[in-house]
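Using full-length UniProt numbering, the first residue of the sequence shown is number 1, and each one after it goes up by one.
Glycine included, C-beta positions come from ideal geometry on N, C-alpha and C.
Just so you know, these numbers come straight off a predicted model, no measurement behind them.
One structure is given here, and the rest of the page talks about it.
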Amino acid sequence: MQKLKYLQGYPDQLVGQVSQLVEQGNLKRYLLRKYPEQHTIQSEKALYDYVIEIKNQYLRKSSPVSKVAYDGKIHMVNHALGMHSFVSRIHGNKLKAKNEIRVSTIFKQAPLPLLRMIVVHELAHIKEKDHNKAFYQLCCHMEPGYHQLELDARLLLTQLEIDGPLYN
């Protein structure tokens with residue numbers, strides 16, 4: 001049985017089911033059946049607009065997001081899928097804060113629900129810095145299927161590692 005590094009911490013029964021999909025060569029088929037199309041948000045401007053739309057819907061009163069970008073270095077360097085950075089700078093007597101969100105370029109060729117899950121995760125960090133109960137409650141408020149989408153993102157990463165891109 002192949003080690004499924006993206007599924008560490010999940011129940012053995014679930015890991016066994018995914019292992020079976022992998023061994024039978026059916027993981028890609030499973031993902032394509034569930035997510036037949038990749039999203040069309042390819043430019044950083046489109047990604048920024050998408051993030052701001054979600055932010056304005058759920059986190060209207062929170063700090064603004066100054067930059068949103070796809071980043072090809074995230075997955076390799078940080079073992080992450082997205083990053084939220086908060087930078088504070090003193091300008092005279094004022095404290096200026098900037099929120100930046102970076103999304104791994106892996107998600108340029110992903111289904112829209114999985115991109116949304118990453119965006120929701122990074123937006124939740126604006127209000128909750130740590131991965132605690134309040135953080136995950138906020139994620140589930142913004143995306144009710146958050147936990148399933150997180151699992152599916154891990155399945156996508158497994159697919160990428162084993163058999164390459166989901167969409168050709």
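Proximity of residue i and residue j at Cβ, strictly below 7 angstroms
i: residue 127; j: residue 62; result: yes
i: residue 74; j: residue 43; result: no
i: residue 47; j: residue 22; result: no
i: residue 109; j: residue 24; result: no
i: residue 113; j: residue 149; result: yes
i: residue 55; j: residue 123; result: yes
i: residue 15; j: residue 7; result: yes
i: residue 41; j: residue 50; result: yes
Sheet register partners of residue i (DSSP bridge)
i: residue 69; result: 102
i: residue 127; result: Answer is none; residue 127 lacks a bridge partner.
i: residue 46; result: Residue 46 pairs with nothing; no bridge assigned.
Assigned exposure category for residue i - 16 Cβ within 10 Å defines buried
i: residue 166; result: buried
i: residue 161; result: exposed
i: residue 147; result: exposed
i: residue 57; result: exposed
i: residue 53; result: exposed
i: residue 12; result: exposed
i: residue 121; result: buried
i: residue 131; result: exposed
i: residue 125; result: buried
Report yes or no: do three or more beta-carbon pairs, one from the segment 31-38 and one from the segment 146-161, lie closer than 8 angstroms?
yes
Can you check the segment 127-165 for any alpha helix (DSSP H) of at least 4 residues that lies completely inside it and give the ranges in chain order?
133-142 and 146-163
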